[in-house]
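These notes concern the structure reproduced below.
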Amino acid sequence: MTTPSTASVLMEHEVGLHARPSVKLTKLAKTFDAKIEVAPAADGPWIDAKSIVKVMAVKAPKDTVLHFRAVGADADAAVAALVRLVEADFEDETV
Amino acid sequence: MTEAARSPRRAAYAGRPASPGLALGPVIVDRKAGPRERVAGSVEDERAALESALAAATASLAELMQSTGGDAAEIIEFQLALAEDDTLSAPAFAEIATGTPAHEAWAGAVDVLVSDYQAAEEEYFRARAADLTDLRDRVLGTLSGVGELDAGLPEGAILLAEDVTPSRFLSLDWTGRGIALTGGSTTSHVAMLARSRGVPMLVAIGAVEAGDGEIALLDAETGRLVVAPDADECSGIAEHMARRNEQAEFDANEARRPAVTAGGEEIAVMINVADPAELDAIDPEICDGIGLARTELMFLGAGGLPDEETQLAAYQRLIAWAGSRPVTVRTLDAGGDKPIPGYTLDGESNSFLGVRGVRLSLAHPDVFRVQVRALLRAAAEGDIRIMIPMVSVPAEMKRVKTIVAEEADRLAGLGVPHRVPPVGIMVEVPSAALALERFDTDFASIGSNDLTQLILGVDRDSEILAPLFDERNEAVKSAIRQLIAVAHDKGRKVGICGQGPSDHPDFAEFLVGLGIDSISLNPDSIIEVTRRIAAIEGG
Chain A
1 MTTPSTASVL
11 MEHEVGLHAR
21 PSVKLTKLAK
31 TFDAKIEVAP
41 AADGPWIDAK
51 SIVKVMAVKA
61 PKDTVLHFRA
71 VGADADAAVA
81 ALVRLVEADF
91 EDETV
Chain B
96 MTEAARSPRR
106 AAYAGRPASP
116 GLALGPVIVD
126 RKAGPRERVA
136 GSVEDERAAL
146 ESALAAATAS
156 LAELMQSTGG
166 DAAEIIEFQL
176 ALAEDDTLSA
186 PAFAEIATGT
196 PAHEAWAGAV
206 DVLVSDYQAA
216 EEEYFRARAA
226 DLTDLRDRVL
236 GTLSGVGELD
246 AGLPEGAILL
256 AEDVTPSRFL
266 SLDWTGRGIA
276 LTGGSTTSHV
286 AMLARSRGVP
296 MLVAIGAVEA
306 GDGEIALLDA
316 ETGRLVVAPD
326 ADECSGIAEH
336 MARRNEQAEF
346 DANEARRPAV
356 TAGGEEIAVM
366 INVADPAELD
376 AIDPEICDGI
386 GLARTELMFL
396 GAGGLPDEET
406 QLAAYQRLIA
416 WAGSRPVTVR
426 TLDAGGDKPI
436 PGYTLDGESN
446 SFLGVRGVRL
456 SLAHPDVFRV
466 QVRALLRAAA
476 EGDIRIMIPM
486 VSVPAEMKRV
496 KTIVAEEADR
506 LAGLGVPHRV
516 PPVGIMVEVP
526 SAALALERFD
536 TDFASIGSND
546 LTQLILGVDR
556 DSEILAPLFD
566 ERNEAVKSAI
576 RQLIAVAHDK
586 GRKVGICGQG
596 PSDHPDFAEF
606 LVGLGIDSIS
616 LNPDSIIEVT
626 RRIAAIEGG
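Heads up: the protein sequence lines correspond to chains A and B, in order. Going by the numbering used here, the letters in the first sequence line up with residues 1 to 95, in that order. Going by the numbering used here, the letters in the second sequence line up with residues 96 to 634, in that order.
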């Protein structure tokens with residue numbers, strides 16, 4: 001099995017992982033083929049970053065460090081793009 | 096009121112205002128689309144039925160998103176993402192495979208999630224349950240072949256419902272109409288939409304007895320729904336609404352006009368800002384500057400205490416927005432109800448009277464000096480004014496002014512551009528209000544919330560004591576009267592930061608009568624207060 005691409009980033013969005021940030025995150029994740037997971041802590045729980053239902057269920061508040069891991073051909077690009085999205089405070093830089 | 100004028104069936108209900116405004120008209124009792132009879136087909140038929148209903152819902156949501164913008168589009172986008180999420184639909188398809196009809200399987204799957212959300216601790220997540228039921232009903236409607244429920248609402252109608260979904264809200268014309276919810280939430284997406292479109296809405300009213308077509312008065316300003324109101328109540332409100340409507344036409348222009356009393360006195364109307372990002376959505380033309388820029392948020396960030404450059408950038412952003420208008424920045428007002436972990440003291444037995452505001456700044460001069468330097472540098476680029484919170488004795492202002500002078504010297508020594516701007520007191524402790532003449536201050540800004548709480552000895556956050564908390568209390572007014580007179584006597588300007596003038600027209604009138612120079616408010620209250628000032632005869 002290939003080693004997953006991983007990264008973590010501090011989420012400073014004022015309201016945390018609410019509806020709008022979750023929509024942006026899942027939409028961006030879906031643009032990649034890789035299997036992508038997100039977790040509110042280094043040891044999980046890991047959840048599907050392409051599912052709005054699951055991402056919302058994390059209820060991650062402001063100042064959570066979000067961890068990403070991805071497996072697949074475009075895994076590196078996916079993780080980098082997601083980190084950028086969180087760093088940009090979920091402002092649009094997605095297409 | 097005379098007995099004759101009293102409506103025998105009159106009943107008043109209290110609710111929480113979710114969007115301000117008034118409406119008077121027939122009650123339309125919301126009828127939920129009952130579970131339509133739907134004949135289920137084979138397992139394969141049912142699977143196909145749900146698939147096509149989901150596809151139809153996705154398509155209509157995408158279309159709705161195209162036709163709306165801003166907040167509304169984002170709310171619909173959330174539902175669209177839910178509709179496309181297999182995690183939501185997979186349990187429904189699994190149920191269908193066991194022989195359950197599509198509509199039952201779908202409703203069951205969504206309802207599991209709805210009850211999860213409803214059980215959430217955070218009100219935000221509870222409010223999202225309404226988005227899910229909205230999507231649920233949209234798909235159910237397609238499954239049973241029902242289109243949109245509403246043909247439209249009669250003139251002035253007040254929709255009485257348990258809750259209203261965002262897509263339902265967006266499908267109706269609400270001009271002149273209102274919403275009364277027995278349940279609902281002030282943080283729901285519908286509440287946001289109602290506010291942004293100026294539709295009066297009251298939530299959490301509880302059970303209401305009213306028949307279809309019965310006249311009701313919705314007052315989403317004081318928070319009540321009156322079914323079968325008295326005749327003079329109706330005419331009073333009709334008059335009030337007529338005035339509102341007349342004014343509404345001029346809204347855009349009015350907000351841009353300076354606030355001038357009927358007597359000709361001009362009052363600066365400014366805004367309170369907690370986060371520079373808020374300014375993106377506000378046209379600077381609607382106000383005369385920033386009367387209160389809070390700086391606490393900047394200090395709460397994950398990066399710890401912000402350095403001089405970070406602070407300078409934040410103040411520059413305020414200046415860039417305000418142009419030549421004044422920007423009054425309050426130095427860090429942490430402590431009390433605004434703790435900063437690791438900086439403010441923990442476990443103070445009475446934190447509102449503890450180490451907060453200027454007391455905390457002077458206890459940590461190293462941190463305070465950084466803020467002062469950033470402000471002095473920003474002042475070289477715009478009309479910055481420095482406001483000091485929680486000053487209670489003259490020695491504190493003396494110390495502050497010394498620090499400002501020392502930092503100015505230091506910047507001068509380094510050749511860094513700077514300017515010493517006016518430094519004034521946020522008058523909120525009675526000892527400053529009652530002996531202002533003893534303080535070295537370049538201006539005074541009344542912090543009416545704290546001043547009222549401290550004069551009355553009433554916790555401003557206590558719901559139980561809320562009836563006692565009133566800026567219009569004679570002792571509070573007397574302190575304000577005195578401090579304005581003292582300041583003006585010394586040629587100092589006096590402003591006020593707080594919602595008092597927007598909550599109480601008579602309080603605004605009182606302040607204008609005393610010759611207040613500026614009023615600083617939350618941005619959404621600007622138009623209302625400008626109007627109130629214009630109505631004041633003055634002189």
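Don't be surprised by glycine CBs; every beta carbon is placed ideally from N, CA and C. Just so it is clear, the structure is predicted and the values come from calculations on it, not from any experiment.
At least one C-beta of chain B is nearer than 8 Å to the C-beta of residue 51 of chain A.
The straight-line gap separating the alpha-carbon atoms of residue 376 of chain B and residue 296 of chain B is approximately 23 Å. Against residue 19 of chain A, the close residues of chain B are 173 and 223, in the order they occur along the chain (beta-carbon pairs closer than 7 Å). Counting along the chain, the unbroken alpha helix (DSSP H) around residue 474 of chain B starts and ends at 460-474. Between residue 498 of chain B and residue 256 of chain B, the alpha-carbon positions lie close to 59 Å from each other.
For residue 85 of chain A, the closest of A:45, A:22, A:3 and A:15 by C-alpha to C-alpha distance is A:22. Taking CB atoms only, residue 26 of chain A has a neighbour in chain B less than 8 Å away. Taking C-beta separations shorter than 7 Å and ignoring five residues to either side along the sequence, the partners of residue 418 of chain B in its chain run 379, following chain order.
In the DSSP assignment, residue 111 of chain B falls within the unbroken beta strand (DSSP E) covering 111-114. Between the beta-carbon of residue 487 of chain B and that of residue 527 of chain B there is about 6 Å, and that keeps the pair under the 8 Å contact cut. The Cβ of residue 54 of chain A sits closer than 8 Å to at least one Cβ of chain B. In this structure, DSSP gives residue 219 of chain B a helical state, which the three-state scheme calls helix. For the options B:463, B:408, B:215 and B:411, the alpha carbon positioned closest to that of residue 429 of chain B is the one of B:463. Residue 468 of chain B is classed as buried because its beta carbon has at least 16 other beta carbons within 10 Å across all chains shown. Near chain A, meaning a CB-to-CB distance below 8 Å, no residue of the region 436-458 of chain B qualifies. When 7 Å is used as the limit between beta carbons, residue 208 of chain B is near these residues of chain A: 53, in chain order. When the five nearest sequence neighbours on each side are left out, the beta carbons in the same chain lying within less than 6 Å of the beta carbon of residue 113 of chain B are those of 281, 286, 296 and 298, in order along the chain. With its beta carbon at least 8 Å from every one in chain A, residue 159 of chain B lies outside the interface. Cα atoms of residue 481 of chain B and residue 32 of chain A: separation of roughly 50 Å, rounded to the nearest angstrom. The beta-carbon distance between residue 138 of chain B and residue 192 of chain B, rounded to whole angstroms, is 6 Å. This is short enough to meet the 8 Å contact definition. Using a CB distance cut-off of 8 Å, residue 569 of chain B does not count as an interface residue toward chain A. Taking CB atoms only, residue 59 of chain A has a neighbour in chain B less than 8 Å away.
Taking 8 Å as the cut-off, the beta carbon of residue 116 of chain B is found closer than this to the beta carbon of residue 294 of chain B. Taking all protein chains shown into account, residue 493 of chain B has fewer than 16 neighbouring C-beta atoms within 10 Å of its C-beta and is therefore exposed. Residue 237 of chain B places its beta carbon less than 8 Å from that of residue 151 of chain B.
Assignment of beta-bridge partners to residue 120 of chain B by DSSP yields B:311. DSSP places residue 300 of chain B in the coil class of the three-state scheme, outside both helix and strand. Taking 8 Å as the cut-off, the beta carbon of residue 43 of chain A is found no closer than this to the beta carbon of residue 11 of chain A. Residue 544 of chain B: not part of any beta strand (DSSP E); member of the alpha helix (DSSP H) spanning 543-551, first to last residue. Interface flag for residue 176 of chain B against chain A is set, since a Cβ pair is found closer than 8 Å.
Nearest to residue 16 of chain A by alpha-carbon distance, out of B:265, B:220 and B:534, is B:220. The beta-carbon separation of residue 171 of chain B and residue 266 of chain B, rounded to 11 Å, does not stay under the 8 Å limit for a contact. Our two residues, residue 66 of chain A and residue 90 of chain A, have alpha carbons roughly 13 Å apart in a direct line. Boundaries of the alpha helix (DSSP H) harbouring residue 501 of chain B: 489-509, taken from the DSSP string.
Chain order gives no chain B residues near residue 83 of chain A, where near means a beta carbon separation below 8 Å; the closest approach is about 15 Å. When the Cα atoms are used, residue 577 of chain B and residue 511 of chain B turn out to be separated by approximately 41 Å.
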